[in-house]
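Inspection log for the structure reproduced underneath, given as structure tokens.
In the UniProt record's numbering, the protein residues as written are 1 to 553.
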């Protein structure tokens with residue numbers, strides 16, 4: 001017996017001693033000729049394998065090398081024992097025929113593994129990567145934790161399933177304790193070995209491998225390598241048939257990877273849409289939210305929108321709006337519908353026919369009205385009649401967004417007002433619901449685009465007399481509109497502000513206010529730029545000044 005705890009040199013000598021014995025015994029066997037022939041051919045490759053290993057510069061410095069020799073010695077001993085059972089002197093065979101066939105197949109597999117691992121150690125740099133040179137260790141140039149990570153990564157490529165299982169445990173602990181050191185030594189071969197473990201037959205190994213992948217994806221440091229090594233189809237398979245934990249980690253990984261347009265296309269081309277939709281329907285809160293977000297990311301790619309619709313994403317997102325477990329899921333669903341309805345009339349009609357308008361309006365009932373829902377509704381205007389929108393309660397929801405929504409949501413709501421105000425009756429209704437003072441207040445925001453949307457909506461609404469009166473009554477309307485007359489080319493709101501001020505100029509009080517806020521100086525610059533209405537407004541204001549002067553005299 002050899003001391004399996006001995007040095008690499010001791011184990012090497014023992015292995016070299018066992019090889020000729022194993023070959024002699026194997027060649028003298030009777031029965032199972034085909035199986036023994038394969039075993040003999042593999043045994044004949046062991047000496048060169050041992051020679052390559054023993055001449056490696058890191059041969060005596062690394063635990064991986066010693067462990068590999070221990071495994072080879074064990075396999076050779078098993079060969080000698082099985083050969084003894086198949087020799088002439090052992091007739092009849094002490095075990096059943098089927099059992100012996102199984103044992104021989106297992107032995108052949110062990111030899112394959114030994115030969116593969118030995119070649120991997122020698123030819124791919126694993127042995128060198130996982131060896132801590134004593135000089136570097138003494139100098140303190142590299143942290144021990146980093147070298148520990150290198151050894152763990154190397155072990156993922158070696159040995160049987162249980163050995164890889166232990167290496168995964170160690171790597172998970174290392175990533176949780178000090179992710180930086182693991183990422184620092186991660187190479188393409190390591191990433192490849194981790195991705196390959198996603199297809200392992202052991203559910204535990206697969207689950208831990210996908211957990212490591214999710215951590216790597218979350219770090220954002222090697223997404224490109226993961227994709228190159230085939231992580232996308234492997235993750236999709238796990239979303240279809242993995243454990244609960246595995247599916248959750250896989251879909252979270254796909255969520256982040258789908259942010260890249262090229263990877264989003266890859267997810268779709270490898271059949272990833274359908275399992276993501278199924279998770280939206282039946283997953284837990286975390287998985288459901290991640291799947292909805294991944295689908296939203298895919299919907300941002302125009303050429304994937306029809307494929308998403310064909311797989312049933314529209315109904316899935318509407319269902320998510322109605323029954324989503326968490327608010328995050330509903331937000332992703334609304335954004336997905338927003339993307340789908342951005343430019344495709346057929347998809348807009350599908351959203352309307354599947355009841356999407358009502359679901360989007362219901363989603364707007366929350367305390368913080370989301371921009372995505374109002375944006376999706378804006379896209380649908382034109383695909384559904386105005387009367388239907390009014391009957392479903394769009395206007396009160398619109399007012400809530402203008403009052404309580406974020407600046408971006410208010411901006412979108414103002415653009416919806418512009419789209420809706422296509423008739424005198426609709427303009428009157430929007431005014432009656434209180435949109436004018438809310439739009440005037442929006443003119444005070446710091447966002448240029450929000451101010452432009454608000455003043456454009458006002459310019460559309462004030463062609464209705466009741467809204468014009470409402471604007472004149474608002475004390476903030478004149479100062480807020482005058483501030484929008486900045487002649488800068490970047491200020492595209494100025495033309496709408498002139499339109500609104502022209503409407504207000506019929507009021508003597510408003511004219512006085514305009515002049516007191518310096519509107520004449522702005523208008524002279526705007527008239528030189530040929531901004532429509534600016535010269536007309538100057539004329540009105542100056543005539544008003546003359547009439548006032550004569551009346552005082």
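We put the CB at the ideal spot given by N, CA and C, even for glycine.
In the three-state reduction of the DSSP assignment, residue 462 falls in the coil class. Contact between the stretch 165-184 and the stretch 225-242 is absent: fewer than 3 CB-CB pairs across the two stretches fall below 8 Å.
With contact defined as three or more Cβ pairs closer than 8 Å, the stretch 412-422 and the stretch 363-376 are in contact. Per DSSP, residue 383 is not a residue of any alpha helix (DSSP H), being assigned neither H nor E.
Note on geometry: alpha-carbon atoms of residue 106 and residue 26 lie some 15 Å from one another. Relative to the Cα of residue 154, the nearest Cα in the group 179, 187, 496 and 443 belongs to 187.
When the Cα atoms are used, residue 43 and residue 277 turn out to be separated by approximately 51 Å. Put simply, the backbone Cα of residue 527 is about 17 Å away from that of residue 505. A residue is called buried once 16 or more other Cβ atoms fall within 10 Å of its Cβ, and residue 7, having fewer, is exposed.
Residue 496 places its beta carbon 9 Å or farther from that of residue 465. Assignment of residue 45 by DSSP, reduced to helix, strand and coil, places it in the coil class. The residues 505, 511, 514, 515, 519, 520 and 523, in chain order, have a CB closer than 8 Å to that of residue 541 in the same chain once the five nearest residues on each side in sequence are set aside. Judged by DSSP secondary structure, residue 281 falls within the alpha helix (DSSP H) whose first and last residues are 273-282.
With respect to the C-alpha of residue 63, the residue from 393, 9 and 23 having the closest C-alpha is 9. Within 10 angstroms of the beta-carbon of residue 176 lie fewer than 16 other beta-carbons, which makes it exposed. According to the DSSP assignment, residue 310 belongs to the alpha helix (DSSP H) that extends over 305-310. Collapsing the DSSP output to three states places residue 372 in a helix.
Shown here, residue 505 sits in coil according to DSSP, grouped into three states, outside any helix or strand. Between residue 238 and residue 198, the C-beta spacing is below 9 Å. Taking C-alpha positions only, residue 308 is separated from residue 242 by approximately 23 Å.
Residue 244 places its beta carbon 9 Å or farther from that of residue 212. By the Cβ neighbour-count rule, residue 327 is exposed, with fewer than 16 other Cβ atoms within 10 Å of its own. In the same chain as residue 408, and ignoring 5 residues on each side of it, the C-beta atoms closer than 7 Å to its own belong to 371, in chain order. In this structure, residue 503 keeps its C-beta atom at 9 Å or more from the C-beta atom of residue 460. For residue 325, no alpha helix (DSSP H) run applies, since DSSP gives it neither H nor E. Taking all protein chains shown into account, residue 180 has fewer than 16 neighbouring C-beta atoms within 10 Å of its C-beta and is therefore exposed. Taking 9 Å as the cut-off, the Cβ atoms of residue 438 and residue 403 count as close. For residue 11, the enclosing alpha helix (DSSP H) has its first and last residue at 8-27. Counting every other CB atom within 10 Å of its CB across the protein chains shown gives residue 346 a total below 16, marking it as exposed. One thing to note: residue 537 has its Cβ no nearer than 9 Å to the Cβ of residue 478. Contact between residue 53 and residue 122 holds, with the beta-carbon distance rounding to 6 Å and staying under 8 Å. The alpha-carbon separation between residue 485 and residue 422 amounts to approximately 26 Å. Annotation: the stretch 389-432 contains the following complete segments of the alpha helix (DSSP H) (minimum length 4 residues), in chain order: 394-404, 407-420 and 424-432.
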